[in-house]
Amino acid sequence: MANDDIARPNQPAARTAFWEGVHNDKDVDGVSWWQSVPGLSLGLVDKAELGLDEPIIDVGAGWSTLMDHLLERGYRDLSAVDLSVTALNTVRDRLGPAGADVTLTVADVLDLRMGREYALWHDRAVYHFLTEPGERADYLASLERSLRPGGWLVVATFGPDGPTTCSGLPIVRYTHAELADQFPGYRLVDTAGEDHLTPWGTSQQFTALLLQRPLS
């Protein structure tokens, strides 16, 4: 659970400044969550069996290569959201002309208003930073605005044996059952996990789920 002794950026401007600082101060492979191939995420996205024109959004995308790999698989309606313009500019430069149609948006996931609905919402490591009930309620409100009825949710957090902090911030660790309970009414379709190896060789346990939003 959270360590209250660690200061947390609780307001939107503070969150933006914090994550902009993280991405300005480190190289792409200098953050613990970096992975060249997001195999855990891709495996769960595959199980949703979406059509290639179905819209997918990746929240808290950072420097993730998920967009790169989804483009390679032929998906054509892709969006990534992050608080850091630096992170998204890095993604844009990396994708190059192939990613010209990928929508990259600087926005706060706790008040996300994209003006459209998506077939799949992907979150590899935002949710475990939400240590307060109000933050989790705001996240769920953004999810409800953004994910269409019958849409798919891929969400991953640190597992019960994972780290207790990330980037100096406290996090909440979840078992599969505990994480599924955070999304009442959603149908649990599949569970997954991995021991992610950081760029400096330490292991981080991740818990991941594929859930489906009810049709009504």
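Per this note's numbering, the sequence shown runs over residues 56 to 271.
Using N, Cα and C, we set each Cβ at its ideal position, and we do this for glycine too.
Owing to the predicted nature of the structure, the values given are computational and were not obtained by experimental measurement.
In this structure, DSSP gives ASP178 an extended state, which the three-state scheme calls strand. If you look at LEU105, you'll find it isn't in any beta strand (DSSP E); DSSP assigns it neither H nor E.
The C-beta distance from GLY129 to LEU107 rounds to 5 Å, short enough to fall under 8 Å. Contact check for LEU224 against PHE184 passes: the beta carbons are separated by less than 8 Å.
Rounded to the nearest angstrom, the Cβ distance from VAL161 to HIS124 is 22 Å, too far for a contact under 8 Å.
Our two residues, THR257 and ASP132, have alpha carbons roughly 35 Å apart in a direct line.
Per DSSP, the continuous beta strand (DSSP E) segment holding VAL136 begins and ends at 133-137. Residue burial annotation: THR220 is exposed, with fewer than 16 other C-beta atoms found within 10 angstroms of its C-beta. Short of 7 Å from the beta carbon of ALA103, and not among the five residues preceding or following it, lie these beta carbons of its own chain, in chain order: LEU175, TRP207, LEU265. Secondary structure note for PRO188: its alpha helix (DSSP H) is the uninterrupted segment 188-201.
Put simply, the backbone Cα of SER201 is about 11 Å away from that of TYR194. Taking C-beta atoms under 8 Å as the contact rule, LEU165 and SER197 qualify, at a distance of about 6 Å.
Residue burial annotation: SER96 is buried, with at least 16 other C-beta atoms found within 10 angstroms of its C-beta. DSSP, read as helix, strand or coil, puts PHE261 in strand. If you look at VAL146, you'll find it in the alpha helix (DSSP H) that goes 140-150.
A residue is called buried once 16 or more other Cβ atoms fall within 10 Å of its Cβ, and ASP137 is buried on that count. Take the alpha-carbon of GLU199 and the one of GLU109: they are about 18 Å apart.
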